[in-house]
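Okay, so the sequence shown: first residue is 3 according to my numbering, each after it adds one.
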Amino acid sequence: VVPPKSYARSMHVPEKPLRGATIMVKDIFNVVGTKTTLCNRAWTEYHSTSTETAPCIKRLQDLPLHVTV
């Protein structure tokens, strides 16, 4: 078993219930550095990479969960 990369980042974080867990979110949420595709290739042609993270995803990252799109 190989630990996720997020494990190393979360080792110094105070104990939280989901510390270090990985969660995958649908591509309908904005996450910095990724394209929000809405499952539509044509959509990506007209929209650039996200510069902000959706508030609901930010709350997940603050738990701290490793969020994958």
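C-beta: ideal position from N, C-alpha, C; glycine also.
According to DSSP, simplified to helix, strand and coil, what is residue i?
{"i": "I25", "result": "strand"}
{"i": "T55", "result": "coil"}
{"i": "T39", "result": "coil"}
Just the Cα atoms here: how many angstroms apart are residue i and residue j?
{"i": "K22", "j": "R43", "result": "The residue asked about is misnamed: residue 22 is Gly in this sequence, not Lys. Going from the Cα of G22 to the Cα of R43 covers about 32 Å."}
{"i": "R61", "j": "H49", "result": "24 Å"}
{"i": "P66", "j": "L20", "result": "7 Å"}
{"i": "M26", "j": "E54", "result": "18 Å"}
{"i": "V69", "j": "I59", "result": "8 Å"}
{"i": "C41", "j": "Q63", "result": "23 Å"}
Judging by CA-CA distance, which residue of the options is the nearest neighbour of residue i?
{"i": "S52", "options": "F31, I25, P19", "result": "F31"}
{"i": "V34", "options": "P57, P19, I25", "result": "P57"}
{"i": "K28", "options": "L20, T39, P19", "result": "T39"}
Report the CB separation of residue i from residue j in whole angstroms; it is logged as a contact under 8 Å.
{"i": "K37", "j": "T46", "result": "5 Å"}
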